[in-house]
Structures are given as C-alpha cells and as structure tokens.
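Trainee:
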Amino acid sequence: MDIYSTDNHNLDPDRISDDDDNLDETLLEDMDPDDIDPDDLLRHQCPILVTLAVMLMEVYFVSPFNTLAKRYNVDLGSDTEPSSWKRYIDVNVVFQACRSEIPDNSQFYLAVEHCLDPKIWEDEDGNKLENQTLRTRIYEEVVLPLETELGQAYSSISIDDLDRFAQKVDFANWDQKIQTWNQQAIPKPLQDDAAQHRGPCSPPPRPTMPHYSQSSPAPQPYQPHSQAFDNNGTEWGRRMSEPERRNRGLRSSTQTSILSLSEFEVEAGLSDLPASRHGEARGRWEYTVGILCALPKELFAVRALFDQKHNSFRNLQGDSNTYALGRMKSHLVVTTCLPAGEYGTNAAADSASNMKRSFPNIKFCLLVGIGGGAPSKENDIRLGDVVVSLPTTRFPGVIQYDRGKEIEDSTFELTGALQPPPRSLMAAISSLRSNPDLPANPLQQYLEDIVSRVPDSFKLKYKHPGEEHDELFKHACSTCRTHGECATRDSHLQRRLRRSTNQPEIHYGLIASGNRVIKDAKIRDKLAQEYGILCFEMEAAGVMNTFPCLVIRGICDYADSYKHKVWQEYAAAAAAAYAKLLLGEVAASETTGMNSPWDSQELL
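Below is the structure:
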C-alpha cells in the first residue's frame, strides 16, 4: 500500500474525493499568485496520520472527536463528510484548543504533534520522501513515542495482574463514568491485589518522568499512569489496548486493537528498521544494556571494545544525547557520554533519563569511567586498578557523600537512599569471583584489544604509563596544596611494596558519589575510614534511581592535591575492559530474546 494514498476505507474514513481535488485545482488556477497565502496551500500528504491523530485524541480524552470539539467550542460546520483538507484543518484547530491539557513534554503529545506535522512527508529540500523512508520516520516520530508512553504508564503493574485489572474496566461507553474498584462487586482477592497498587480513592504513585516537576503537576485530564478520579470516587473508564498488552509481553486473544496498530504496522512498513553496518535489522527495543560515561576518553575505550558497530537512530525530540550503538559479547548496548563541559549527578541524571526514554527496553546501565581511589591498609588500591560498586551491610554499593544533614557535635549524617545493583549483575559478579578458570590477568586481553583498535596517535595514551608514575602521598603540606609540589615533595611520599606485574587488580566495595571534586587526602581518608569507601566519583548518585545500574571505575588518581591526567586513558580502558568481562558473564536471557512491542516473534 502507498502510504500517501487517500483511498483506504479502513484507515482513512474521511478521505479526500476527486471533486475536492478538482475544486482545489480550479480555485488555484483562478487566483493571482500574489494573492495566494502559503497557509492556504497547507495540505497534509498523509491523511492516514491525521486519522490516527483523531483516534489518539479520542482515546486520551475518552470522548468522540465531535464531542471534544464542542467541549472546546470549535465549530466543525455542518459537513458530514468533509474533505481531507478541511478535516486536517479541523483536527489541527481542536488539537491547538486542547493541547494545554496535555503536558508538552509527554511522549503522547509528541506523537500527536508529529501526526499533524505537514512536513513529516518531505525531506529538507521539500521533496516527497520515498515510502520506505517515510515509514521509518513515522516509526521513529509517532509509533516509538507511543510505545515509550505505554511502557512508562504500565511499568508499575506486573504482567500477571494486567488481565485481571483490565477485565473490570469498561471502555464501551464514551464519556460515561464507571464505578471504582471499591464500588464494583469484585471478588475479595482481586480487591486485595488492586489495593497493592493504589488506595481506595486515589491513583497510584506515578513513575518519575524526566521533565515533570512537583510544583507543576500534570493537568487533570492527563492520566497515562493511572485512572483519573473525581471527588465522588468514580473514575473515567479505560481499557488496556492491544499495544499496551504487547508492551508487557502478553499474547493477544484477538488480532486487532482499538488503534488497529498491528494492521498499521504492516501497511506502514514499520518493521523495516535501520540496519547495522553488517546488514542486520535492529530496533530500539533490541538494545537492552546502557553504558553511560562522563568523558569522551571513557566512551572512546568502550567503543573500541564493540564486537559489532550499528548505525544510530534519529533522536527523539528533546533528547540531546548522542548515542553509539553496538554489540558487546551477546548483548546489544547503547552508549553515550555527558555533553562537553557538563559533569556531576544532575547532568548524569538528565542523560540517563533521555537514554531510558529513547531506549525503553534497557534492563540495566553500567557507569563506566574513571575515579579517584582511596587506598588503605585493607585495600591496596593502585592507579590503573578497577573498583566495582558492591553493596555492603550498610549501603547499596554507592553513597552520596555530599547529601546529608549536620547534627550535634558537628557530625555529618548521610541521608537519602539509592537503589542497589540488579540481581543479575550481582550474580554475574559472583560467577566471576568464583571462577577458578578465570586467568590471573582477566582484563589484559581487552586492554590489548583497545590499544590495537585505536588510532596510532592514541595508542601510547591507552597503554600502562609505568609504575614510576604511580605515587601515593601522605597529607599534603600547604605549599603542595597551593602549588602542586614543593622542595620537600619526596618526603611526603608513602612507601609501598612493588607489585610483581603491571596488571590491574579488581576491587569490590563502596563507591562515593557527589557533585564536589575531592582533592584533599585528609577528607578522602576521613570518609574512607568512616564508611569504607574505595573510590570517589561524580555521576553515579544521579543515575542509581533512574536505572538499575552498576558503577565501574578505573582509578586515575588518589583524590588528593597531586591530581594529574597521566593515568586517565589507561584507567578508562581498564574500566571498559571490566565492563566487557562482566557482560560476558551476564546470562543472555536476562537481556536478549525480548519481544518487540509491535512484533510477537523473537528478535534475537
């Protein structure tokens, strides 16, 4: 089917007629070119998308389009079968009238806006896109935002509960209020299940959205994550649609949905996705592992370890990240780093939220990069070693050292709770640490791979700098703190036994994260002794509650006033090497073999 076609009864009930075309052409011929307003020539070349926009607004506001127009005082005229030109104008006017009821940063808003964009069918030069290119654009700009919205909307409800919750919701009567769970004659077990998700007269907590604020809650009609309740305890009916069932991995008992998206996918060619450089079709939902770096040199090392590189997708609107996609071991990974000049927990949280929005099937994220070590008698941490966040009896693997409260006796008490790493990664770590066949230098092969794959001008930087450049100082004197060194610099050196090899060692324990750069050995040692910290870094605390994640840091300095950058590239390479080593232990079933929300067949 030609996606530009206007002669499809199922998908475009308000198709344009031949008489309308002839009338428009006659009018244009009789007009003086100077009298033509460009806006008068506005015509959407894909009326199927206009119809989809109408259906989406009807579902969103639980009202037929005509009722919705009356609600916002939009006069549709008396035409029972308006031309597609007039229909497009009518839909635009209604959308503009009701758009204030939809948060402009919601994925649903973007989908409808893109449906009504008259330029969606043309390239940068205004030329008509080929069908294949147009279908890909429709997938990325219309279908994918809807997929993301549905995934976020129902993420708090388990798959097993969806059918039971849906069976008591009636979507048959437009604009009709239905009873709440408490008012319906529901068996006691179902009421108990429902109570676990929401209170008797209030919607359940909404998952965190990237750009919503507590001071500016979403308008009342916007309820993608819960039912909307009024003062009488009744709720607006809403049936779980077929795409929602698919998004939760459920098999359908019917072949159609309220939006007929299964048919729309076939007709629009949405399964024709961007291909990898090796000719394999890849969809956004196939990427299930995220890797977030703070610096380009960190991401450089990660990308050097790709077993396969894939083409990128066009970014969703509002996503400022730049992604590098590929395969590492048996997993498809999405990687990005923070924008130049940005650092800290806030910047990391923003990048992680965008990654989650653009690739909603990501199961966990690895934070891979460099950090400052906190060596002690118990933990002989050297430059180039790797520290991996591991939960302790008191903390979940990462603490935010600059978040807390001052209490009596000038004591600082840490506050706030971060999520622990996912069990699948903890199981993989246990597998690595208990493997008697693991070589004594498990990272060396990957370190050599990085050096062999990077350009010649970078090879020396990513090699081990030499033990002579690994110096641990005692607390610095005032001159050292001011100028970086002094005449008695050598007297501040802390003597340590030489290692037999230059191979990096792997340490597991607590990592401290915050927005402050630690460049003081006294503060480092105080925090390390009090909490058992092995490493300091600046991004993890902003991501831990966005993604299930694990922090992997290569040690490039000792978080003191003698910081330098000699070890940064090698430390980044060591962290990337461990990330690949770990992914080799993560069971493929944890991250692959997922169903596409729009396709019931296995992807991998």
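Take 24 as the starting number for the sequence shown in the numbering used here and just add one per residue. Heads up, the beta-carbon is just placed ideally off N, CA and C, and yes, glycines get one too. Computed from a predicted model, the values in this text were never measured in an experiment.
Starting from the C-beta of E608, find all residues in its chain whose C-beta is less than 7 angstroms away, skip the five residues before and the five after it, and write them out in chain order.
Mentor: For this step, residue 608 is matched to residue 585 along the sequence shown. So the qualifying residues of the chain are A451, S454 and L455.
Trainee: Taking all protein chains shown into account, do 16 or more other C-beta atoms lie within 10 angstroms of the C-beta of T203, making it buried, or fewer, making it exposed?
Mentor: In the sequence shown, counting from the first residue as 1, residue 203 sits at position 180. Unreliable positioning characterises T203 in this predicted model, as indicated by a pLDDT of 35, which lies under 50. The coordinate reading is nonetheless provided below. Buried is the call here.
Trainee: Work out the CA separation of P488 and F323 for me, nearest whole Å.
Mentor: Counting from one through the sequence shown, the residue named residue 323 turns up at place 300. Counting from one through the sequence shown, the residue named residue 488 turns up at place 465. So the alpha carbons of these two residues sit roughly 18 angstroms apart.
Trainee: Check the DSSP bridge columns for R576 and list the partner residues they point to.
Mentor: Locating residue 576 in the sequence shown gives position 553, where the first residue counts as 1. For R576, which the question treats as bridged, DSSP gives the partners G392 and V410.
Trainee: Just how far apart, CA to CA, sit H515 and D403?
Mentor: Counted from its first residue, the sequence shown places residue 515 at position 492. Counted from its first residue, the sequence shown places residue 403 at position 380. Approximately 18 angstroms, taken between the alpha carbons.
Trainee: Grab me the residues of K379's own chain with a C-beta within less than 7 angstroms of its C-beta, minus the 5 sequence neighbours each way, in chain order.
Mentor: Locating residue 379 in the sequence shown gives position 356, counting from the first residue. Taken in chain order, the residues that qualify are I385, T569 and F570.
Trainee: DSSP three-state label for A610, please.
Mentor: Counted from its first residue, the sequence shown places residue 610 at position 587. It is coil, neither helix nor strand.
Trainee: Which residues in the same chain have their Cβ closer than 7 angstroms to the Cβ of L318, if we skip the five residues on either side of it in sequence?
Mentor: Locating residue 318 in the sequence shown gives position 295, where the first residue counts as 1. For L318, where only same-chain residues beyond five positions count, the Cβ hits under 7 angstroms are C360 and G392.
Trainee: Buried or exposed for S475, please, with buried defined as at least 16 other CB atoms from any protein chain shown within 10 angstroms of its CB.
Mentor: As a working note, residue 475 is residue 452 in the sequence shown. By the 10 Å Cβ count, S475 comes out exposed.
Trainee: Quick one: what's got a C-beta closer than 7 angstroms to N115's C-beta in the same chain, skipping five residues either side?
Mentor: For the purposes of this step, residue 115 is taken as the residue at position 92 of the sequence shown. Correct list, in chain order: L139.
Trainee: How about L406 and A594: do their beta carbons lie closer than 9 angstroms?
Mentor: As a first step, residue 406 must be located in the sequence shown, where it is residue number 383. As a first step, residue 594 must be located in the sequence shown, where it is residue number 571. It is a contact, given that the beta carbons lie within the stated cut-off.
Trainee: If we call anything under 9 angstroms between Cβ atoms a contact, is G420 one with K586?
Mentor: Taking the first residue of the sequence shown as 1, we reach residue 420 at position 397. Taking the first residue of the sequence shown as 1, we reach residue 586 at position 563. In this structure, K586 does not lie closer than 9 angstroms to G420 by Cβ.
Trainee: Got a sec? Which residues, its chain only, sit under 6 angstroms from A610 by beta carbon, not counting five neighbours each side?
Mentor: For the purposes of this step, residue 610 is taken as the residue at position 587 of the sequence shown. Taken in chain order, the list of residues that qualify is empty.
Trainee: Which value, in whole angstroms, describes the spacing of the CA atoms of Q68 and L573?
Mentor: Translated into positions along the sequence shown, residue 68 becomes position 45. Translated into positions along the sequence shown, residue 573 becomes position 550. Each residue's alpha carbon lies about 47 angstroms from the other.
Trainee: Just checking my contact of L604 with P465 at CB under 8 angstroms: how many whole Å lie between their CB atoms?
Mentor: Along the sequence shown, one-based indexing puts residue 604 at 581. Along the sequence shown, one-based indexing puts residue 465 at 442. The pair is a contact, with the Cβ atoms about 6 angstroms apart (cut-off 8 angstroms).
Trainee: Just curious, the alpha helix (DSSP H) that I473 is in, first and last residue?
Mentor: In the sequence shown, the residue the question calls residue 473 occupies position 450. Run containing I473: Q467 to R476, per the alpha helix (DSSP H) assignment.
Trainee: Cβ of A363 within 9 angstroms of Cβ of G565?
Mentor: Reading the sequence shown from its first residue, position 340 is the one you call residue 363. Reading the sequence shown from its first residue, position 542 is the one you call residue 565. Going by C-beta atoms, A363 is not nearer than 9 angstroms to G565.
Trainee: Between the stretch 557-564 and the stretch 525-537, can you find at least three pairs of beta-carbon atoms closer than 8 angstroms?
Mentor: Judged by Cβ distances under 8 angstroms, the stretch 525-537 makes contact with the stretch 557-564, as three or more pairs qualify.
Trainee: Do you know how far the Cα of G367 is from the Cα of L152?
Mentor: For the purposes of this step, residue 152 is taken as the residue at position 129 of the sequence shown. For the purposes of this step, residue 367 is taken as the residue at position 344 of the sequence shown. Rounded to the nearest angstrom, the two C-alpha atoms are 42 angstroms apart.
Trainee: Express the C-alpha separation of I161 and K142 in angstroms, rounding to a whole number.
Mentor: Taking the sequence shown and counting its residues from 1, one reaches residue 142 at position 119. Taking the sequence shown and counting its residues from 1, one reaches residue 161 at position 138. Their Cα atoms are separated by approximately 12 angstroms.
Trainee: Would you call the CB atoms of T171 and Q130 closer than 9 angstroms?
Mentor: By one-based count along the sequence shown, residue 171 stands at place 148. By one-based count along the sequence shown, residue 130 stands at place 107. Their beta carbons are under 9 angstroms apart, which means T171 touches Q130 by this criterion.
Trainee: Where do the ends of the beta strand (DSSP E) carrying I161 lie?
Mentor: As a working note, residue 161 is residue 138 in the sequence shown. Per DSSP, I161 belongs to no beta strand (DSSP E); it is in the alpha helix (DSSP H), N154 to I161.
Trainee: By the DSSP assignment, the beta strand (DSSP E) with L557 in it spans what residues?
Mentor: The residue labelled residue 557 in the question sits at position 534 within the sequence shown. Segment I556 to E560, the beta strand (DSSP E) holding L557.
Trainee: Exposed or buried, which one is A463 when buried takes at least 16 other CB atoms within 10 Å?
Mentor: For this step, residue 463 is matched to residue 440 along the sequence shown. Flag for A463 reads exposed.
Trainee: Name the residue from C121, V73 and I112 whose alpha carbon lies nearest to the alpha carbon of K93.
Mentor: As a first step, residue 93 must be located in the sequence shown, where it is residue number 70. The shortest Cα separation from K93 among C121, V73 and I112 belongs to C121.
Trainee: Tell me the rounded alpha-carbon separation between L339 and D580.
Mentor: The residue you call residue 339 lines up with position 316 of the sequence shown. The residue you call residue 580 lines up with position 557 of the sequence shown. Roughly 37 angstroms separates the two Cα atoms.
Trainee: Quick check: what's the CA-CA separation for V312 versus I422?
Mentor: For the purposes of this step, residue 312 is taken as the residue at position 289 of the sequence shown. For the purposes of this step, residue 422 is taken as the residue at position 399 of the sequence shown. Between V312 and I422, the C-alpha separation is close to 23 angstroms.
Trainee: Apart from the five residues on each side of it in sequence, which residues of its chain come closer than 6 angstroms, Cβ to Cβ, to L169?
Mentor: Within the sequence shown, numbered from 1, the residue matching residue 169 stands at position 146. So the list reads A134, once near-sequence residues are dropped.
Trainee: Per DSSP, L516 is paired with what?
Mentor: Along the sequence shown, read from residue 1 onward, the residue named residue 516 stands at position 493. Answer is F496.
Trainee: Compare the beta carbon distance of A347 and L470 with 9 angstroms and say whether it is the shorter of the two.
Mentor: As a working mapping, residue 347 is identified with position 324 in the sequence shown. As a working mapping, residue 470 is identified with position 447 in the sequence shown. No, these two residues do not count as a Cβ contact at 9 angstroms.
Trainee: Using C-beta distances below 6 angstroms, list every residue in its chain close to V82, excluding the 5 sequence neighbours before and after it, in chain order.
Mentor: The count along the sequence shown starts at 1 and reaches residue 82 at position 59. Taken in chain order, the list of residues that qualify is empty.
Trainee: Would you tell me roughly how many angstroms separate the C-alpha atoms of K486 and H492, rounded to the nearest one?
Mentor: What you label residue 486 is simply residue 463 of the sequence shown in a count that begins at 1. What you label residue 492 is simply residue 469 of the sequence shown in a count that begins at 1. Each residue's alpha carbon lies about 13 angstroms from the other.
Trainee: Just list the residues that DSSP pairs F387 with in beta bridges.
Mentor: Working through the sequence shown from its first residue, we reach residue 387 at position 364. Partner(s): V312.
Trainee: What does the alpha-carbon distance come out to for the pair N377 and V97?
Mentor: By 1-based counting over the sequence shown, the position of residue 377 is 354. By 1-based counting over the sequence shown, the position of residue 97 is 74. Whole-angstrom Cα-Cα distance: 36 angstroms.
Trainee: Can you have a look at G577 and say buried or exposed, based on whether 16 or more other CB atoms are within 10 angstroms of its CB?
Mentor: Stepping through the sequence shown from its first residue, residue 577 is reached at position 554. Under this definition G577 is a buried residue.
Trainee: What does the Cβ neighbour count give for N344, buried or exposed, with the cut at 16 atoms within 10 Å?
Mentor: The residue given as residue 344 occupies position 321 in the sequence shown. Looking at its Cβ environment, which holds 16 or more other Cβ atoms inside 10 Å, N344 is buried.
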